[in-house]
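What follows is a single structure, written as C-alpha cells, with notes after it.
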Ligand code: GDP
C-alpha cells in the first residue's frame, strides 16, 4: 500500500543526510523521497563516485561512520594502502567497502543503466524505505572559482585543497543542458506531495546545483505545498564544512539571515536554531526557532518532527 502522502526533501551530503535520516525514521515507510545533489559527482580512477548519493545511501541504511562523520563504518583501507605503495593517486580516500559501491555503479553505468536506476537498485538492496532521487542522470559538475588558483573542479577544491582557496564564484557545468531525472519529475508532479523540505545542507554547494537543473526550481514553486528549510548555519557558524567561510568569501554575512535571503521566494518557513531566534527574514517567509544541532538520532527525529509539524503533517 502506498503511503497516504509524500514528503520531498532536498539534500546534499552529510548535513542534509542527518535530517533525511530523522525524516526517514518518523514518517511512514516509503513516504519520504530525498532529492540528491549530484554536482559533487566525479570520475576517479575510472570509477563514477557520487558522494552525496552515497552519503544518503550509507546514512539511511545505517552503514555510515558516526565517528569519522563520512564514509562507511568499520571500513578497511587495504586498497588505499596498496594503491599508495604503487605510487597511485591517494588524495581522495576510498575505503574498501566504499570502493565496492563505485565499482558496481560504474559497471552498471557501462551496461547502460542510469544513475537513478542504479541508486534505486542499491536502495532496495540496502533495505532503505525512502526513495533517493539523483537530481539528474546527466552530468552536472560543480566548479569553484578561487582567488588564488582560478577555476577548480569540486573534489580537487573540497578534498584536494580542503576548501582553503577563497571562493569568488561558483558554476554548475552542464546544468543548463541537464534534464531532471524522470523519477524527480514524477516526484514533483505527484498529487500526494504534501510538503517540501530543504535540509540543512550548504545552500551554495548542495542545494543550488539541484535548483540549477532546468525545471526543478519552477516545479517546486508551482506546487502549492509548504516549503520548510532548516538553516545549516547556527550562530554565524557552520557545524561542519565551508558554508560560513564561503559566505564571507562571497561578501556575505555568515548567518541564518543570509540563508533566509538566499531562499527568498522559495521557502515559506525557515527553521533556525534557538541561538538565532529573532533573525530577520524576507517578507513572506516565516521563521521558527528550534534546537537544530543534530548530535544524536533523537536530535534528528526531534527536528524532523518540528519540520513536519510546521509543514502541517505532524508525525
Ligand atoms: P556535504 O555535501 O557533505 O558538504 O553536506 P551538506 O551540504 O548536506 O551539509 C553541509 C552543511 O550541513 C554545513 O553547512 C553544516 O553547517 C550543516 N550541518 C551539519 N550538521 C548540522 C546539524 O547538526 N545541524 C544543522 N543545522 N546544520 C548542520
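Numbering (our numbering), first residue to last: 34 to 348. We put the CB at the ideal spot given by N, CA and C, even for glycine. Given the structure is predicted, the values throughout are model-derived calculations rather than measurements.
Residue(s) in a DSSP beta bridge with residue 28: Residue 28 lies beyond the stretch modelled for the chain, which goes from 34 to 348, so this question has no answer here.
Beta-bridge pairing of residue 110 - partner residues as DSSP gives them: The count along the chain shown starts at 1 and reaches residue 110 at position 77. Its beta-bridge partners do not exist; DSSP assigns none.
C-alpha gap between residue 62 and residue 36, whole angstroms: Stepping through the chain shown from its first residue, residue 62 is reached at position 29. Stepping through the chain shown from its first residue, residue 36 is reached at position 3. Cα-Cα distance, rounded: 7 Å.
beta-carbon residue 88 near the ligand GDP non-hydrogen atom, thresh 7 Å: Here residue 88 refers to the residue found at position 55 when the chain shown is read from its first residue. Using a cutoff of 7 Å, the CB of residue 88 counts as near the ligand GDP, since one of the ligand's heavy atoms is closer than that.
Span separating the alpha-carbon of residue 299 from that of residue 254: Position 266 of the chain shown, counted from the first residue, corresponds to residue 299. Position 221 of the chain shown, counted from the first residue, corresponds to residue 254. When only Cα atoms are considered, residue 299 and residue 254 end up about 6 Å apart.
Distance CB(residue 340)-CB(residue 263) smaller than 8 Å: Here residue 340 refers to the residue found at position 307 when the chain shown is read from its first residue. Here residue 263 refers to the residue found at position 230 when the chain shown is read from its first residue. Cβ distance < 8 Å, so residue 340 and residue 263 count as in contact.
Cross-strand partners of residue 295 (DSSP beta bridge): Translated into the one-based positions of the chain shown, residue 295 becomes position 262. Answer is none; residue 295 lacks a bridge partner.
Any non-hydrogen atom of the ligand GDP closer than 7 Å to residue 243 Cβ: Along the chain shown, read from residue 1 onward, the residue named residue 243 stands at position 210. Result no, Cβ not under 7 Å from the ligand GDP.
Beta-carbon proximity list for residue 199, same chain, < 8 Å, skipping 5 on both sides: By 1-based counting over the chain shown, the position of residue 199 is 166. Counting only Cβ-Cβ distances below 8 Å, and skipping sequence neighbours, we find 179, 180, 181 and 282.
Cβ of residue 334 within 8 Å of any chain B Cβ: Within the model displayed, chain B is absent; a lone protein chain is all it includes.
Neighbour-count burial assignment, residue 117, 16 or more Cβ in a 10 Å radius: Position 84 of the chain shown, counting from 1, holds the residue named residue 117. Per the 10 Å Cβ criterion, exposed.
Cα-Cα separation between residue 142 and residue 86, rounded to whole angstroms: Here residue 142 refers to the residue found at position 109 of the chain shown. Here residue 86 refers to the residue found at position 53 of the chain shown. Just so you know, the alpha carbons of residue 142 and residue 86 end up roughly 15 Å apart.
Residue 301 beta carbon near the ligand GDP (any heavy atom closer than 7 Å): Walking along the chain shown from the start, residue 301 turns up at place 268. Checking the Cβ of residue 301 against the ligand GDP gives no.
Those residues which DSSP pairs with residue 97 across a bridge: Counted from its first residue, the chain shown places residue 97 at position 64. Its beta-bridge partners are 105.
Assigned exposure category for residue 216 - 16 Cβ within 10 Å defines buried: Counted from its first residue, the chain shown places residue 216 at position 183. Answer is buried; the Cβ neighbour count reaches 16.
Where residue 71 falls, given that 16 or more other Cβ within 10 Å makes a residue buried: Within the chain shown, numbered from 1, the residue matching residue 71 stands at position 38. The residue is buried, with at least 16 neighbouring Cβ atoms inside 10 Å.
Beta-bridge partners of residue 270, as assigned by DSSP: As a working mapping, residue 270 is identified with position 237 in the chain shown. DSSP output for residue 270 lists 267 as bridge partner(s).
Residue from 197, 302 and 334 whose Cα sits closest to the Cα of residue 315: Here residue 315 corresponds to residue number 282 of the chain shown, with the count starting at 1. Nearest C-alpha to residue 315: 302.
Integer Cβ distance of residue 278 from residue 48, believed to fall under 8 Å: By 1-based counting over the chain shown, the position of residue 278 is 245. By 1-based counting over the chain shown, the position of residue 48 is 15. That belief does not hold up - the Cβ atoms of residue 278 and residue 48 are roughly 15 Å apart, past 8 Å.
beta-carbon residue 271 near the ligand GDP non-hydrogen atom, thresh 7 Å: As a working note, residue 271 is residue 238 in the chain shown. Answer for residue 271: yes, Cβ within range of the ligand GDP.
Limits of the unbroken alpha helix (DSSP H) element including residue 54: Working through the chain shown from its first residue, we reach residue 54 at position 21. For residue 54, the uninterrupted alpha helix (DSSP H) segment begins and ends at 47–59.
Bounding residues of the beta strand (DSSP E) (the contiguous stretch that carries residue 174): Position 141 of the chain shown, counting from 1, holds the residue named residue 174. Taken as a continuous stretch (DSSP letters only), the beta strand (DSSP E) holding residue 174 covers 174–179.
Euclidean distance between Cα positions of residue 184 and residue 203: To locate residue 184, count along the chain shown from 1; it is residue 151. To locate residue 203, count along the chain shown from 1; it is residue 170. Each residue's alpha carbon lies about 9 Å from the other.
Minimum C-alpha distance to residue 101 - residue among 94, 323, 88 and 310: The residue you call residue 101 lines up with position 68 of the chain shown. Answer by Cα proximity: 88.
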